[in-house]
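All residue numbers for the sequence shown refer to the working numbering, where the first residue is 93 and numbers rise by one. Beta carbons: idealized from backbone N, C-alpha and C, even for Gly. One structure is given here, and the rest of the page talks about it.
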Amino acid sequence: MDPKVKQALDITLQNWQTMTSYQSDEKEAVADQFQSSFYVFIDTVSDWVLRQEPMPQTLDEMLAIDMIQDIFDLLPAPLHLNLETELELMIDGVEREDEDKYD
Numbered sequence: 093m094d095p096k097v098k099q100a101l102d103i104t105l106q107n108w109q110t111m112t113s114y115q116s117d118e119k120e121a122v123a124d125q126f127q128s129s130f131y132v133f134i135d136t137v138s139d140w141v142l143r144q145e146p147m148p149q150t151l152d153e154m155l156a157i158d159m160i161q162d163i164f165d166l167l168p169a170p171l172h173l174n175l176e177t178e179l180e181l182m183i184d185g186v187e188r189e190d191e192d193k194y195d
């Protein structure tokens with residue numbers, strides 16, 4: 093796995109674990125930290141995808157990439173749809189604005 097993607101994924105997974113086990117009034121702050129790390133991870137994956145030759149043209153092509161499969165294997169199931177959606181946006185060339193990431 094690409095080292096930058098792996099690092100961003102590890103941070104996201106740590107924040108997911110923290111968020112799902114947190115039992116406090118600060119849960120919103122922990123959720124915000126997870127959300128922020130998730131979008132940093134998505135940006136890192138996007139940077140990697142854009143460097144691929146040839147770049148995947150369909151979601152099926154994207155999902156056939158070993159690294160993407162490894163990510164799905166490591167990512168908690170509730171985040172699979174989010175990742176698929178972000179991968180489709182990458183394929184379509186849609187770049188989210190920062191405020192769109194958090195709404």
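### Message
Between which two residues does the alpha helix (DSSP H) holding Ala100 run?
### Response
Ala100: member of the alpha helix (DSSP H) spanning Pro95 to Ser113, first to last residue.
### Query
From Thr112 to Ala123, what does the alpha carbon distance come to, in whole angstroms?
Per the coordinates, the alpha-carbon of Thr112 lies some 9 Å from the alpha-carbon of Ala123.
#### Entry: Inter-residue CB distance, Ile163 and Leu101 (contact presumed, cutoff 8 Å)
Rounded to whole angstroms, the Cβ separation of Ile163 and Leu101 is 6 Å, and the two are in contact under 8 Å.
### Whether Leu257 touches Leu105 by CB criterion (8 Å)
Residue 257 lies beyond the residue range present for the chain, which begins at 93 and ends at 195; the question has no answer from this structure.
### C-beta atoms of Gln149 and Ile103 nearer than 8 Å
Taking 8 Å as the Cβ cut-off, Gln149 and Ile103 do not qualify as a contacting pair.
### Query
Considering Ala123, what are the terminal residues of the alpha helix (DSSP H) in which it resides?
Note, Ala123: alpha helix (DSSP H), Lys119 to Leu142.
### Task
Express the C-alpha separation of Met159 and Met93 in angstroms, rounding to a whole number.
Rounded to whole angstroms, the separation of the alpha carbons of Met159 and Met93 is 6 Å.
### Message
Considering just the uninterrupted stretch of the alpha helix (DSSP H) at Leu171, what are its terminal residues?
### Response
Counting along the chain, Leu171 sits inside no alpha helix (DSSP H), nor does DSSP assign it H or E at all.
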